[in-house]
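Undergrad:
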Amino acid sequence: MSAPDWQPQLARLLADGAEIEVTDLDGTTRRWPLARHYRFDDDGRCVWLRPITGQAHRAGSRPPAFAHEHARRRPLRWTAVNRGDRRLTLRTPARQRVTIRTVGADLAARLDDWDTFVGTVLSAAVETDLDLLEEDSW
Amino acid sequence: MGSGGCKAHEAFTVAPADTVDAVVFAANPAVTAHPTGVTDPAVASGPVDALLASDGRYVTPIPDELPVGDIAGYPLVVGGHDLDDTAVTLVAYDGADGPREVLYGWTTPDADHKILAALALDGEHLVPTEVTRTVQGRLPLDEQHQLYEQLEKVVKSVNHHLKAGGAIPAHTHDNHTKLTAALGQLTDAATGDELQMLEHYQSACAQIAERLADGYATPYQQGGKIGHLAPHQVAGEVTITEMVPAPAEDVPAGLLAATIRPATRIKPTLDPATGAASWDGIARYTGQTGVEYRIDLGDGYEAIYRPHVAAKTNDRISAGQRGFLEVVAPPGAGHSRQLVARLGQLHLCNRPMTAPEAEWTYLQRNVWAQNLTQHPTVAAAAAQAATLDDSMTELVLAERADQAVGLSDRQLTRFARDVRLEGEARALPAKTRLVGDAVATQLGFADLDQLRAQPGYDPTPRRSGGWHVWDRWDVAGAPDDVDYKGRALYHRVTGNNVSDMIRNSGLLAATERRRVMGIKPGLGMSETADMATGGSRAVDLRIGTPPSKGPYLVWSDPSRLLRRADWYAYSSDHFAAAVDEGGHSTKGQTRTPAKVATFTSGSNEVLFRNGIDLLSPHEAPDRIVCASTAQRGQVLAALNARGITHLAGTPIDQAVTT
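Residue numbers (the numbering used here), protein chains in the order written: chain A, 1 to 138; chain B, 1001 to 1658.
1) Over what stretch of residues does the beta strand (DSSP E) that includes residue 1336 of chain B continue unbroken?
2) Is residue 1103 of chain B near the ligand GTP, with its Cβ less than 6 angstroms from a heavy atom?
3) From the DSSP output, read off the bridge partner residues of residue 1063 of chain B.
4) To the nearest angstrom, how far is the alpha carbon of residue 11 of chain A from that of residue 35 of chain A?
5) Have a look at B/1241, B/1606, B/1544 and B/1464 and flag the residue whose alpha-carbon is nearest the alpha-carbon of residue 1130 of chain B.
6) Do you know how far the Cα of residue 3 of chain A is from the Cα of residue 132 of chain A?
7) Assess, as a yes-or-no matter, whether the region 74-90 of chain A is touched by the region 47-56 of chain A under the definition of 3 or more beta carbon pairs within less than 8 angstroms.
8) Using a Cβ cut-off of 7 angstroms (strictly closer), state whether residue 27 of chain A contacts chain B.
9) Could you give the distance in angstroms between the alpha-carbon of residue 137 of chain A and the alpha-carbon of residue 1139 of chain B?
10) Counting only beta-carbon atoms, is residue 1573 of chain B nearer than 7 angstroms to chain A?
11) Count the other C-beta atoms from every protein chain shown that fall within 10 angstroms of the C-beta of residue 1352 of chain B, then say buried if there are 16 or more, exposed otherwise.
12) Quick test of your reading: residue 1635 of chain B and residue 1543 of chain B, contact by CB under 8 angstroms. State the CB separation rounded to the nearest angstrom.
13) Residues in its own chain within less than 7 angstroms of residue 1463 of chain B by CB, not counting five upstream and five downstream?
14) Are any of the Cβ atoms in chain A nearer than 7 angstroms to that of residue 1638 of chain B?
15) Distance cutoff 7 angstroms, beta carbons only. Does residue 1225 of chain B sit that close to anything in chain A?
16) Going straight from the alpha carbon of residue 1627 of chain B to that of residue 42 of chain A, what length do you get?
17) What does residue 1159 of chain B reach in chain A if we use C-beta pairs closer than 8 angstroms?
18) Mind pulling the chain B residues with CB within less than 7 angstroms of residue 21 of chain A?
19) Should residue 42 of chain A be flagged as near chain B, meaning a C-beta pair shorter than 7 angstroms?
20) Name, in chain order, the residues that DSSP records as bridge partners for residue 46 of chain A.
21) What is the residue span of the alpha helix (DSSP H) that residue 1081 of chain B lies within?
22) Can you give me the start and stop residues for the beta strand (DSSP E) that residue 1552 of chain B sits inside?
23) Within 7 angstroms of any Cβ in chain B, is that where the Cβ of residue 111 of chain A sits?
24) Could you check whether the Cβ of residue 1505 of chain B sits closer than 7 angstroms to any Cβ belonging to chain A?
25) Whose C-alpha, out of B/1473, B/1461, B/1429 and B/1424, is nearest the C-alpha of residue 1367 of chain B?
26) Compare the C-beta of residue 89 of chain A with all C-beta atoms of chain B and state if any pair is closer than 7 angstroms.
27) Hey, how far is the Cα of residue 1269 of chain B from the Cα of residue 1453 of chain B?
28) CB-CB under 8 angstroms to residue 116 of chain A, same chain, minus the five flanking residues each way: which ones, in chain order?
29) Between B/1629, B/1216 and B/1485, which has its C-alpha nearest residue 1596 of chain B's C-alpha?
30) Within 7 angstroms (strictly less), CB to CB, does residue 79 of chain A reach chain B?
31) At a CB-CB cut-off below 7 angstroms, which residues of chain C make contact with residue 50 of chain A?
32) Quick one: Cα of residue 1432 of chain B to Cα of residue 1341 of chain B, how far?
33) Helix, strand or coil for residue 1370 of chain B per DSSP?
34) On the CB-based measure, 16 or more other CB atoms within 10 Å of its CB, does residue 55 of chain A come out buried or exposed?
35) Using only the alpha-carbon positions, how far apart do residue 1265 of chain B and residue 1558 of chain B sit?
36) May I ask you to verify whether the region 1266-1285 of chain B touches the region 1090-1097 of chain B, counting CB pairs closer than 8 angstroms and requiring at least 3?
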């Protein structure tokens, strides 16, 4: 499966901790931290990502708990990309602006909780399935 | 998506228990207002007439008995506008003292204020009271020294570096050494619970030590990953203040005593071999998001309700859980009718849906599914229909005004309800005709009668597992109209969940449905995490060429599922339309089969409300592609155990492959 030339930058961003911000044509904006994995598809025109949602308890509670089936894989189809320092900005076919950048301080705790949840709560088998980014249900 | 527009609040008062049947089975004027004009069932023909002739009153009659232990439950299509999808589910859990029967459903947002208005919840009727609760918690020694936190940090690092295949850094070794020493020192003086806790953590440290040793070579996915270690917890009692109902004599007549408490969920036990569900009537998952009302309905019945709008709290209730209502019966069987009737105490419509209502609902579902409101004539007819209930109600009130003289408050409430019901019943045929004629002419037919004569027109909802679905007449009547170019609908399942699904319920159910049924998503998930968040109310499939490697469920003919009136789809041109918890944006959404047929990338989504019945002739996949021979054996065994010999007409040994 081919990948675009910005794939290494995406990999670095995710490895260091990243968030995704989506702005629709009507100005609606949403943000989520991103799980560390990704997968390109459709000859590189689509990248599967996992926005982190479904935190079961308040951030900081131990152990962190997520309903991982809530944090579903999402396809990001892109038509154009703009590369910046510590940032990738892409356009979708629906003309949304999607920015992947270093995770902000307000979302970093959720990402850290997710990493802890994956690394210490989930079994290796479920973790592997998450990494594949192929599931439709659990 | 519901069955009608906003309705003014009406109080539905349930008669005393000995006349409950009279409330439920009172002659319903709507039955006699036959939309087609046919009054003799003997000459009935066509789906509409067959619907009316089949029962004469309700689309899904209330059953006398419920299947005990069946987590899918018995779906009931209800009248009125208070329940989402016009549906509730009746479940009978197995129990030591006999079945525990429960009714559940999701209310529409408009129904929220009706229920809250029935409750004695203001400051006059709730009093603060100190209560003692048993909770699980960590020991003070653990929290003081942050022992679990230290352990978690080391485990996280070890697992991370084992997975990456790199060396475990020196600081992780140091942290492990420091923690081991600290646990040893604390152990010297510890006894009882503290000693147990320390030994629990020392055992984990020993596992870590194995991985830190030179030469450790067990692969991460084959036992190398250190498994989940929960913090050591003990049960303790805490004293908290709760707002509890004032003494009963202080609750005004007509209101129900209620308590606000942190949200919970029924916690059934599922038999791993048979999937049968049991419940003791008490066990509930705690730690949920938001609050709920626990409502005393009298005679051993209670209701648990999660409002759409949280009251007196800033806690956010996830979308999938909002409006969730349970009505719980006392132990024993045979409470179905009472469970439905008790909805009236909450001012909700408390009867099954009538046949004329079914056609009205069918029209509305198809108008939504086929995007017909985009046409001005249909939109205008729908707007006019929304005013007919009020107009008819005024007419009925004018006819009966003299009957209201001298009535008590409770009698007046019932009088008003009956007037409203009569008004709605009288308006129904006119509404159906008005909107139906507009839809028909928009589609090129002379009128609704011509549309009714089309092969795909069938207003009878059909059962799909634990819910009902209506079909779209455009797909049901002409399934071959759209060329899907050999592409199939498919759904990838992880782990062993295919055989689990078949064994537990035979349903590919949406996550919120599965949580309500008590089904956990799979291995590696803690119960608390699993049940604390709201899930989605839809399952998503994709259209395309399924990858060759399973496990996949496959529907080679998409029209078999796309005939349902409750699906919607995204091409994936629009990122994250469906990320919001429990809800879906309409941006980029389509409900047009021809458009779905043009989806070319494998990243599309086709979502079905509630889920899909994997074992029914209408909805079963025609192929189950398994990841291995062993998995195929498990799936075949699960199908055999349920007596399933064919899937979509194909023998299972041909339909289930690797």
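Note that the Cβ used here is the ideal one computed from N, Cα and C, for glycine as well.
TA: From the atom records:
1) Here residue 1336 of chain B corresponds to residue number 336 of the second sequence, with the count starting at 1. Premise fails: residue 1336 of chain B lies in the alpha helix (DSSP H), 1336-1341, not in any beta strand (DSSP E).
2) In the structure on display, the ligand GTP does not appear, and there are no ligands present to speak of.
3) If you number the second sequence from 1, residue 1063 of chain B lands on position 63. Bridge partners of residue 1063 of chain B: none, in fact.
4) Looking up residue 11 of chain A in the first sequence gives position 11. Looking up residue 35 of chain A in the first sequence gives position 35. Cα atoms of residue 11 of chain A and residue 35 of chain A: separation of roughly 11 angstroms, rounded to the nearest angstrom.
5) The sequence position of residue 1130 of chain B within the second sequence is 130, counting from 1. With distances taken between Cα atoms, residue 1130 of chain B lies closest to B/1241.
6) Start at 1 with the first residue of the first sequence, and residue 132 of chain A comes out as number 132. Start at 1 with the first residue of the first sequence, and residue 3 of chain A comes out as number 3. Inter-residue distance for residue 132 of chain A and residue 3 of chain A is about 16 angstroms (C-alpha atoms, whole angstroms).
7) yes
8) Locating residue 27 of chain A in the first sequence gives position 27, where the first residue counts as 1. With 7 angstroms as the cut-off, residue 27 of chain A does not count as an interface residue toward chain B.
9) Taking the first residue of the first sequence as position 1, residue 137 of chain A is located at position 137. Taking the first residue of the second sequence as position 1, residue 1139 of chain B is located at position 139. One C-alpha to the other measures close to 37 angstroms.
10) Residue numbering aside, residue 1573 of chain B sits at position 573 when the second sequence is read from its first letter. It does: the Cβ of residue 1573 of chain B has a partner Cβ on chain A nearer than 7 angstroms.
11) Translated into positions along the second sequence, residue 1352 of chain B becomes position 352. By the 10 Å Cβ count, residue 1352 of chain B comes out buried.
12) Counting from one through the second sequence, the residue named residue 1635 of chain B turns up at place 635. Counting from one through the second sequence, the residue named residue 1543 of chain B turns up at place 543. Incorrect: roughly 23 angstroms between the Cβ atoms, too far for contact.
13) What you label residue 1463 of chain B is simply residue 463 of the second sequence in a count that begins at 1. Hits under 7 angstroms: 1075.
14) Translated into the one-based positions of the second sequence, residue 1638 of chain B becomes position 638. Answer no: the Cβ-Cβ gap between residue 1638 of chain B and chain A never drops below 7 angstroms.
15) In the second sequence, residue 1225 of chain B corresponds to position 225, counting from 1. When Cβ-Cβ separations below 7 angstroms define contact, residue 1225 of chain B makes contact with chain A.
16) For the purposes of this step, residue 1627 of chain B is identified with residue 627 of the second sequence, where counting begins at 1. For the purposes of this step, residue 42 of chain A is identified with residue 42 of the first sequence, where counting begins at 1. Their Cα atoms are separated by approximately 23 angstroms.
17) Walking along the second sequence from the start, residue 1159 of chain B turns up at place 159. Those are 119 and 120, listed as they occur along chain A.
18) To locate residue 21 of chain A, count along the first sequence from 1; it is residue 21. Going along chain B, no residue has its Cβ under 7 angstroms from residue 21 of chain A, so there is no contact; the nearest lies around 10 angstroms.
19) Stepping through the first sequence from its first residue, residue 42 of chain A is reached at position 42. Closer than 7 angstroms to some Cβ of chain B, the Cβ of residue 42 of chain A qualifies, so yes.
20) Here residue 46 of chain A refers to the residue found at position 46 of the first sequence. Answer is A/41 and A/77.
21) Here residue 1081 of chain B corresponds to residue number 81 of the second sequence, with the count starting at 1. Counting along the chain, no alpha helix (DSSP H) covers residue 1081 of chain B, and no H or E run does either.
22) The residue you call residue 1552 of chain B lines up with position 552 of the second sequence. From DSSP, the beta strand (DSSP E) with residue 1552 of chain B extends over 1552-1555.
23) Sequence index remark: in the first sequence, residue 111 of chain A carries index 111 (1-based). No - not a single Cβ of chain B is within 7 angstroms of the one on residue 111 of chain A.
24) Within the second sequence, residue 1505 of chain B is the residue found at index 505, counting from 1. By this cut-off, residue 1505 of chain B is not an interface position.
25) Counting from one through the second sequence, the residue named residue 1367 of chain B turns up at place 367. The option with the nearest alpha carbon to residue 1367 of chain B is B/1473.
26) Here residue 89 of chain A refers to the residue found at position 89 when the first sequence is read from its first residue. No, no contact with chain B.
27) In the second sequence, counting from the first residue as 1, residue 1269 of chain B sits at position 269. In the second sequence, counting from the first residue as 1, residue 1453 of chain B sits at position 453. If I take the Cα positions, the gap works out to 48 angstroms.
28) Within the first sequence, the letter at position 116 stands for residue 116 of chain A. These residues qualify, in order along the chain: 63 and 64.
29) Counting from one through the second sequence, the residue named residue 1596 of chain B turns up at place 596. For residue 1596 of chain B, the nearest C-alpha among the options comes from B/1485.
30) Within the first sequence, residue 79 of chain A is the residue found at index 79, counting from 1. Not one chain B Cβ lies under 7 angstroms of residue 79 of chain A.
31) Looking for chain C here will not work: the only protein chains present are A and B.
32) As a working mapping, residue 1432 of chain B is identified with position 432 in the second sequence. As a working mapping, residue 1341 of chain B is identified with position 341 in the second sequence. Residue 1432 of chain B and residue 1341 of chain B: Cα-Cα distance of roughly 27 angstroms.
33) For the purposes of this step, residue 1370 of chain B is identified with residue 370 of the second sequence, where counting begins at 1. Residue 1370 of chain B: coil per DSSP, three-state reduction.
34) The residue you call residue 55 of chain A lines up with position 55 of the first sequence. So residue 55 of chain A ends up on the buried side.
35) Here the question's residue 1265 of chain B lines up with position 265 in the second sequence. Here the question's residue 1558 of chain B lines up with position 558 in the second sequence. Distance between the alpha carbons of residue 1265 of chain B and residue 1558 of chain B is about 35 angstroms.
36) Pairwise C-beta distances place the region 1266-1285 of chain B in contact with the region 1090-1097 of chain B, as three or more of them are shorter than 8 angstroms.
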